[in-house]
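Per the UniProt record's numbering: the sequence shown = residues 1 to 47. No residue lacks a Cβ here, since even glycine has one placed at the ideal position from N, Cα and C. Since the structure is predicted, the reported quantities are computational estimates derived from the model, not experimental observations. Let me begin by presenting the structure, written as structure tokens, before commenting on it.
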Amino acid sequence: MSNDWKIFETKDFRGSKTVSDFVKAGGTDYSLIFNNCHNGAGRMMGQ
1 MSNDWKIFET KDFRGSKTVS DFVKAGGTDY SLIFNNCHNG AGRMMGQ
């Protein structure tokens with residue numbers, strides 16, 4: 001990766017998280033209106 005990358009935002013996830021933790025938080029019951037990618041991302045960032 002180049003040195004042109006900049007940190008835009010940091011989050012405190014209260015310890016370490018794995019990719020599996022984020023996948024679980026994202027959920028499995030996708031619905032275009034009631035449980036879409038925006039909802040899943042919110043759950044991932046709120047854990």
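7 Å Cβ shell around ASP29 - same chain, five flanking residues per side excluded: ASN35
What is the rounded straight-line gap between the Cα of HIS38 and the Cα of GLY46? 12 Å
First and last residue of the uninterrupted alpha helix (DSSP H) at PHE22: 19 to 26
Alpha-carbon spacing of PHE13 relative to ILE7, whole angstroms: 16 Å
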